[in-house]
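Have a look at the structure below before the remarks.
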Amino acid sequence: MAHTPNADEIPSRYDPATTDAALYEAWEQAGVFRADTGASERIGGPKAPYTIVIPPPNVTGVLHMGHGLNNTVQDVLIRWRRMSGDDALWLPGTDHAGIATQNVVEKQLAKSGRTRADLGRDAFIEEVKTFVAEKGGVILKQLRAIGASADWDRTAYTFSPELSRAVREIFVRWYEDGLIYRGHRVTHWCSRCLTALSDEEAESHPAQGLMYHVRYALKDDSSQSIVVATTRPETMFGDVAVAVHPEDPRYTAFVGQHVVNPANGVAIPVIADAYVDKEFGTGALKITPAHDANDFEVGKRHALAMPIILTPEGAITEGTDAAGRVPAQYLGVDRFDARKRVAKELETAGALVKSEQHQHSVRKCYRCDTVVEPRLSDQWFVKMAPLAAPALAAVKDGRVRILPERWEAVYVNWMENIRDWNISRQIWWGHRVPVFYCQRAADSRQPKACREHFASRDDNPVCPDCGGPTRQDDDVLDTWFSSQLWPFSTLGWPNDTKDLKAFYPTDVLVTAPEILFFWVARMVMSGMYVTRSAEHPDGIVPFHSVYLHGTARDAQHRRMSKSLGNGIDPLDVVNLYGADALRWTVIAGMGLGNDLLLDHENIEQSFSTGRNFATKLWNIGRFLLLQVGEEPVKPLDSVAAADLSPADHWILARTDDVITGADTALGPARPTNGRAWTNADHRLGLRLDEYAESARTFVWNDLADWYLEHAKTRLAAGHPERETARAVLVHAFDRALRLLHPIMPFVTETLWNRLPGHVDGTWLALAQWPTAARSANRAAAADFDAARASIAAVREIRNEYVVQAADVVQVALGGTAPGLVAAAQRESAFVTRMAKCELVPESAIAPGTEARRVLANGVEVSVSLAGIVDFARERGKLSTELEQLVKQLAALRGRLGNEKFTAKAPAAVVEAERVKEGEWSARVEQLTARIASLPKA
RNA sequence: GGGCGAAUAGCUCAGUUGGUUAGAGCACCUGCCUUACACGCAGGGUGUCGGGGGUUCGAGUCCCUCUUCGCCCA
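In the numbering used here, the protein residues as written are 3 to 939.
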């Protein structure tokens with residue numbers, strides 16, 4: 003005989019601290035999160051694969067709220083599909099994060115007064131590796147605390163030997179396909195990180211600065227001059243020309259002549275180039291080819307010198323081609339100091355016409371916020387246009403969808419205007435560019451018979467032309483070069499592995515819009531490139547859906563950030579209220595693509611919805627254990643249909659509805675036709691907040707507020723319906739737990755394991771996702787609804803007239819729907835208990851003593867309130883209702899009388915309006931009669 | 001400067017091809033310690049759907065325009 007606990011043995015609050023960690027360990031030991039490669043139908047197994055690859059956090063990172071919401075979304079999806087019977091793989095891992103990690107270690111070194119140069123390249127890399135080994139991967143442990151059900155056995159790392167091989171493989175393929183080239187051009191340079199950056203890594207920020215108007219006098223006639231506007235006068239040392247528009251009449255006479263650069267006295271030509279915007283500023287531009295990307299293009303067109311006047315660190319220097327251009331007193335001066343000094347000297351010399359406040363934008367390093375400097379250098383580039391074309395087509399034809407959909411337009415716009423990608427970084431931590439130079443070719447004494455450079459899959463290759471020794475390029479690759487391979491490198495590519503066959507392409511990519519270009523677009527391009535075949539000439543897209551979620555913000559809508567100190571540590575929330583509270587709050591509070599607002603100054607209030615709901619669930623479970631006991635219940639399908647009451651049918655119908663609702667909100671899991679999203683299914687699914695809300699309403703407002711209350715009577719010992727009520731209640735709660743498990747895995751698993759009849763060693767995490775049974779009798783359910791509506795009406799009247807909670811009122815049911823009245827009366831025990839009333843015949847209530855409501859279903863509920871009914875108030879209330887209804891009915895009749903409407907509107911709409919007309923007129927009659935029967939005041 | 005989008009209840013947002021009396025959560029107000037839960041229960045919504053114009057039998061939804069705001073890229 004199972005032991006039925008008493009109330010003292012089960013606390014009234016769920017205590018995540020004592021259960022969650024052990025539960026997570028139990029899941030792991032049971033192998034619940036492990037994906038089974040052989041089970042994938044792509045290699046002959048029985049299950050559809052469902053794969054999510056984690057956006058790899060920086061290996062030295064720690065969990066913040068952004069990770070919290072990103073990974074919760076992924077875990078909800080993966081748990082949902084795992085329960086739905088898919089071969090679900092959530093593949094975790096970390097990114098070596100080149101610049102970011104190098105910066106962290108350099109800061110460590112700085113504490114002991116050392117720099118990376120002091121150590122040298124090899125020792126520094128060892129230092130970083132040691133640091134990563136000791137301090138890295140913390141975030142993966144933290145993800146376990148929020149319940150992430152990733153397959154940890156497959157944890158990947160972008161800098162592992164396996165993934166490094168993938169990096170080298172694609173580099174060599176691209177190089178050999180002519181998609182990677184060495185370019186001599188102006189790129190963004192971070193003078194703090196001492197490396198070039200891609201366009202994406204140099205973020206634009208609005209800035210207020212000074213626009214200096216500087217006079218360049220004509221060399222041969224100093225009475226004439228051209229005024230040039232610039233925000234960076236310190237770059238004037240690198241000026242090689244002044245450019246004007248060829249069709250600008252103001253300057254035609256100057257073209258071909260020379261002006262004197264007032265900063266250094268060097269004479270430079272005035273050139274004509276259509277790039278100049280006549281309308282902007284003075285219509286004349288100084289041309290500094292080595293320190294401005296546009297000027298560089300102008301310089302190339304006009305074969306101008308390209309003097310470099312800034313050191314890598316951002317100080318003024320007389321660099322390549324700059325001999326004689328930089329006054330000695332400026333050498334070594336920082337660029338921003340130089341800016342002020344140049345401006346001052348120009349002013350002194352009378353060359354500064356004016357300086358005015360100017361709104362513009364500056365680009366800053368995305369890793370250290372230093373203002374980047376455009377700087378001429380040799381870098382490695384990927385030619386993007388050929389890669390972008392198929393990736394663009396894939397989104398346009400629906401093989402990849404991006405949600406929310408408006409981001410597709412942004413993606414298309416970027417792809418259509420794509421620029422080549424600078425992939426070389428002058429740092430040490432990362433994959434070294436696998437390009438090699440023949441040592442002999444570099445030797446000027448040797449005849450130049452060997453190619454200048456080549457890419458190699460192997461270390462230390464010999465020169466393919468002369469067999470001589472080679473030297474590897476010093477640069478490393480952009481971190482994003484390796485992370486773009488993530489959906490396939492983590493599965494074993496370039497090897498033709500079972501995992502790759504089983505799990506590529508993946509399904510949903512969950513990330514933030516900020517890295518749409520950094521990462522998502524590049525994964526599409528590289529993923530398609532490496533999967534090209536005779537069967538798939540354009541390759542296979544790496545995922546069919548991109549889910550872009552919003553940003554965690556504080557109550558003032560500011561992005562949560564370390565520097566603002568307005569962040570919330572997800573682990574604090576876990577410790578205070580549990581992972582389920584965190585997860586629920588995140589999922590329920592975050593519409594697709596919308597930001598999540600949380601108040602860092604009131605963590606309790608921010609997460610109370612999640613905490614409260616977990617407690618509610620817990621208490622339903624507590625009630626169940628106390629009232630239902632632990633004796634196994636009959637499976638629902640062995641309960642005789644005749645034994646089911648209207649309440650049973652009602653909750654079973656609601657159970658079906660919530661399952662259908664959740665499925666609609668979440669799915670389809672993949673394109674319906676298996677190939678591409680169509681107009682019909684493009685925007686469907688992934689509405690996690692709607693799924694959460696429908697499940698919450700079911701549990702709280704249907705199951706707890708109504709069915710469970712109704713069941714209290716039937717569960718009494720010896721009640722003839724006790725077994726039926728137990729079976730239905732346990733069934734409905736079981737379905738609720740299954741539905742909620744993806745969002746609140748801990749409390750649902752804990753409760754599920756204590757349900758009557760639970761089989762030891764089975765896990766909710768692996769239990770089957772519910773399907774709608776569709777066996778409920780909807781007519782019987784409507785009978786229960788009649789009782790519910792009557793209860794609600796009595797409660798409303800009680801509140802209206804401030805009837806004391808303990809007072810029992812007399813209630814009569816009547817009206818135009820005798821069937822429903824009878825149905826409500828059959829639930830008299832329930833009605834009287836819930837509404838604190840006794841049911842009496844209508845004749846038992848003396849006319850003129852009752853408050854009455856006319857329900858939408860035709861039932862009239864009269865509450866005897868002799869002496870306290872305010873008939874003026876009743877009349878007013880009913881009249882307002884009637885008035886509104888009459889107005890709407892008139893409009894409705896007008897519509898139905900309009901031939902254009904009946905002729906043009908769809909038949910179904912017209913029919914619905916006709917039905918409505920019947921209902922409304924009946925109700926108008928009821929209301930009119932009731933008002934007429936009210937005693938005159 | 002180029003591109004995309006938003007404006008609906010105090011706040012955050014739903015509202016699918018135009019077709020119920022425009023909804024939800026939170027917040028707020030009133031009354032309740034009704035023995036699963038006060039982290040709870042019951043009751044409470046008169047919104048010029050940003051302004052103006054248009055198309056239509058019918059507009060929160062489509063078109064034009066103005067205003068304000070946001071995002072992406074220069």
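Just so you know, even glycine gets a beta-carbon here, dropped at the ideal spot from N, CA and C. Bear in mind that the values here come from a model prediction, so they are computed numbers and not experimental data.
One alpha carbon belongs to K618, the other to V701, and they sit about 9 Å apart. L93 has its alpha-carbon roughly 14 Å from the corresponding atom of V34. Counting C-beta atoms within 10 angstroms of its own C-beta, N568 has 16 or more neighbours from the protein chains shown and is therefore classed as buried.
Residue environment analysis places I870 among the exposed positions, since fewer than 16 neighbouring C-beta atoms fall within 10 angstroms of its C-beta. Counting along the chain, G816 sits inside the beta strand (DSSP E) bounded by residues 811-817. Counted as a single uninterrupted DSSP element, the stretch harbouring E349 is not any beta strand (DSSP E) but the alpha helix (DSSP H) occupying residues 337-350. By the Cβ rule, the region 417-437 does not count as touching the region 568-581, because fewer than three pairs are nearer than 8 Å. The count of Cβ pairs closer than 8 Å, one atom from the region 166-185 and one from the region 368-378, stays below three, leaving the stretches out of contact. The beta carbons of M238 and A265 sit closer together than 8 Å. Boundaries for Q144: no beta strand (DSSP E) harbours it, while the alpha helix (DSSP H) harbouring it runs 140-147, taken from the DSSP string. Rounded to the nearest angstrom, the gap between the Cα atoms of S535 and D297 is 42 Å. Of the residues A831, L333, A734, the one whose Cα lies closest to the Cα of T319 is L333.
Judged by pairs of C-beta atoms under 8 Å, the region 750-764 touches the region 634-649, as three or more such pairs exist.
Contact between V861 and A788 holds: their C-beta atoms lie close to 6 Å from each other, under 8 Å.
In this structure, the beta-carbon distance from I425 to F483 falls below 8 Å. Rounded to whole angstroms, the separation of the alpha carbons of Y368 and V412 is 20 Å. Taking a C-beta distance under 8 Å as the contact criterion, R585 and G149 qualify as a contact pair. Of the other Cβ atoms in all chains shown, fewer than 16 fall within 10 Å of the Cβ of L566; this residue is therefore exposed.
Annotation for K714: no beta strand (DSSP E) segment contains it, though the alpha helix (DSSP H) segment containing it runs 711-716. Secondary structure remark: continuous alpha helix (DSSP H) runs of at least 4 residues inside the region 746-796, in chain order: 747-754.
Inter-residue distance for Y16 and A581 is about 12 Å (C-alpha atoms, whole angstroms). Residue state for Y52 is assigned as strand, using DSSP reduced to three classes. Among the bridge pairs identified by DSSP, V865 is matched with V813, A853. Per DSSP, I127 is not a residue of any beta strand (DSSP E); the alpha helix (DSSP H) it occupies stretches across 123-137. Membership of Q629 in any beta strand (DSSP E) is not indicated, and neither H nor E is assigned to it by DSSP.
Inclusion of G816 and Q928 in the CB contact set at 8 Å is not warranted, their separation being larger than that value.
Spatial neighbours of P489 in its own chain (CB-CB distance under 7 Å, excluding positions within 5 residues in sequence) are listed in chain order as V55, Y506, T508, M525, G529, P544, F545.
Separation of the CB atoms of L626 and V732 is rounded to 7 Å, and the pair is thereby assigned contact status at 8 Å.
Among the bridge pairs identified by DSSP, K288 is matched with V244. Where E205 is concerned, the enclosing beta strand (DSSP E) starts and stops at 204-220.
By the C-beta criterion, the region 37-54 is judged to be in contact with the region 81-97, since at least 3 inter-stretch pairs fall below 8 Å. Within its own chain, the residues whose Cβ lies closer than 6 Å to the Cβ of M836, once the five positions on either side in sequence are excluded, are I793, listed in chain order. Three or more beta-carbon pairs separated by less than 8 Å are not found between the region 220-240 and the region 549-568, which leaves the two stretches without contact. Around the Cβ of A713, a 10 Å sphere holds 16 or more other Cβ atoms; the residue is buried. A check of alpha carbon separations from E178 across T103, A848, F456 identifies F456 as the nearest.
Under the three-state reduction of DSSP, R737 is assigned to helix.
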